[in-house]
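Q: Here this note's numbering is used: the first residue of the sequence shown is 84, the next is one more, and so on. Below you will find the structure I want to go over with you.
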Amino acid sequence: MQMLRSLIFNALMYVWMGIVGLAGLPALAVSADATRRVMSFYARSTVKMLAVMTGLRTEVRGTPPESGALVASKHQSFLDVLVLWAAVPRPFFVMKSILRFAPMLGQYALRAGCIPVERGKRGEAIRKMLAEIRSGKRADGQLLIYPQGTRVPPGTSAPYKIGTFAMYEQLGQPCYPVATNVGLFWPKRGVTRRRGLGVLEFLEPIPPGLDRATFMAVLEQRIEGGSNRLMEEAGFPVPPMPHLHGDPVVEAARAAARKK
Numbered sequence: 084m085q086m087l088r089s090l091i092f093n094a095l096m097y098v099w100m101g102i103v104g105l106a107g108l109p110a111l112a113v114s115a116d117a118t119r120r121v122m123s124f125y126a127r128s129t130v131k132m133l134a135v136m137t138g139l140r141t142e143v144r145g146t147p148p149e150s151g152a153l154v155a156s157k158h159q160s161f162l163d164v165l166v167l168w169a170a171v172p173r174p175f176f177v178m179k180s181i182l183r184f185a186p187m188l189g190q191y192a193l194r195a196g197c198i199p200v201e202r203g204k205r206g207e208a209i210r211k212m213l214a215e216i217r218s219g220k221r222a223d224g225q226l227l228i229y230p231q232g233t234r235v236p237p238g239t240s241a242p243y244k245i246g247t248f249a250m251y252e253q254l255g256q257p258c259y260p261v262a263t264n265v266g267l268f269w270p271k272r273g274v275t276r277r278r279g280l281g282v283l284e285f286l287e288p289i290p291p292g293l294d295r296a297t298f299m300a301v302l303e304q305r306i307e308g309g310s311n312r313l314m315e316e317a318g319f320p321v322p323p324m325p326h327l328h329g330d331p332v333v334e335a336a337r338a339a340a341r342k343k
């Protein structure tokens with residue numbers, strides 16, 4: 084029965100995407116904010132449909148950023164994309180340039196302020212974006228990224244890409260790590276959506292100005308530690324990760340205090 088419910092939901096999710104996309108086309112002519120509202124409506128309504136049809140509920144914990152920030156999230160499935168997009172007020176992301184030509188999706192993404200990037204030219208695109216914000220041509224918002232660059236199934240690991248630090252350094256804004264356990268219920272592969280509570284949690288923000296080694300260590304520690312905690316809360320046995328130690332920012336502050 085759960086498999087059947089999941090199959091019906093999966094089909095309706097894409098049908099609903101087409102309906103909302105067509106109905107919301109006038110928003111493209113209005114503004115980026117209007118376009119984002121259409122996209123957020125689709126995300127929220129799809130998550131509600133998921134709960135009703137399959138019993139998979141979602142919860143957002145912590146405090147999402149209200150002003151300009153980098154949001155670096157654990158990525159386990161398409162569900163965390165939906166929940167994250169609906170949780171922040173002015174989201175946008177960096178996308179492959181070729182996606183500009185994707186029917187409907189490309190038009191919505193561009194109008195919502197997402198940044199198309201040619202291979203090897205991410206830095207140039209970010210600098211252009213910052214210049215547009217300073218000149219008033221673009222409203223500030225929350226840049227959503229996945230620091231591991233791909234969906235990572237629960238219980239497995241993947242390296243954190245150094246490009247995350249490059250964006251953090253260029254933006255000069257706080258970075259909000261985001262942990263999740265949604266991959267336990269909506270797996271990377273397979274069609275079954277399992278009953279349960281999928282959680283996406285905004286963790287303590289990382290202040291701007293850290294060096295590369297410290298930032299990358301803090302980011303991984305907070306995201307992996309938070310995601311492991313959420314998965315354990317859901318009853319998933321998480322293997323120990325010995326390379327994760329205490330929060331480097333906290334440890335540095337304690338070390339400085341001991342020297343006084």
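Where a beta carbon is used, it is the ideal one built from N, C-alpha and C, also for glycine.
When the Cα atoms are used, what is the spatial distance from Arg278 to Met314?
A: The alpha-carbon atoms of Arg278 and Met314 are separated by roughly 14 Å.
Q: Does the distance from the C-beta atom of Met100 to that of Trp168 stay below 8 Å?
A: No, these two residues do not count as a Cβ contact at 8 Å.
Q: Span of the beta strand (DSSP E) holding Leu108?
A: Unbroken run through Leu108: none, as it is neither H nor E.
Q: Can you find the residues in the same chain that come closer than 8 Å, C-beta to C-beta, to Glu284, ignoring five residues on each side of it along the sequence?
A: The answer, listed in chain order, is Val143, Arg144, Gly145, Val261, Ala262, Thr263, Gly309, Leu313.
Q: Count the CB pairs spanning the segment 229-236 and the segment 116-136 that are closer than 8 Å, and state whether there are at least three.
A: Judged by Cβ distances under 8 Å, the segment 229-236 makes no contact with the segment 116-136, as fewer than three pairs qualify.
Q: For a minimum of 4 consecutive residues, which ranges assigned as the alpha helix (DSSP H) are wholly contained in the segment 258-289?
A: Complete alpha helix (DSSP H) runs here, min 4: none at all.
Q: What's the C-alpha gap between Tyr116 and Met187?
A: Sequence inspection shows Asp at residue 116; the Tyr mentioned does not correspond to that position. Roughly 17 Å between the two C-alpha positions.
Q: Given a cut-off of 8 Å, decide if Arg120 and Ala110 are closer than it, judged by their beta-carbon atoms.
A: It is a contact, given that the beta carbons lie within the stated cut-off.
Q: Go through its chain and collect everything with a Cβ distance to Thr233's Cβ below 8 Å, but skip five positions before and after it.
A: Excluding positions up to five away in sequence, the list reads His158, Ala241.
Q: Rounded to a whole number of angstroms, what is the C-alpha to C-alpha distance between Val164 and Gly281?
A: Distance between the alpha carbons of Val164 and Gly281: 12 Å.
Q: Alpha carbon to alpha carbon, how far is Gly238 from Ala340? Give it in angstroms, no decimals.
A: Confidence is the limiting factor: at Ala340 the pLDDT is only 44, short of 50, which leaves the residue's position unreliable and the question unanswerable from this model.
Q: Roughly how many angstroms separate the alpha carbons of Glu215 and Ile209, rounded to a whole number?
A: Each residue's alpha carbon lies about 10 Å from the other.
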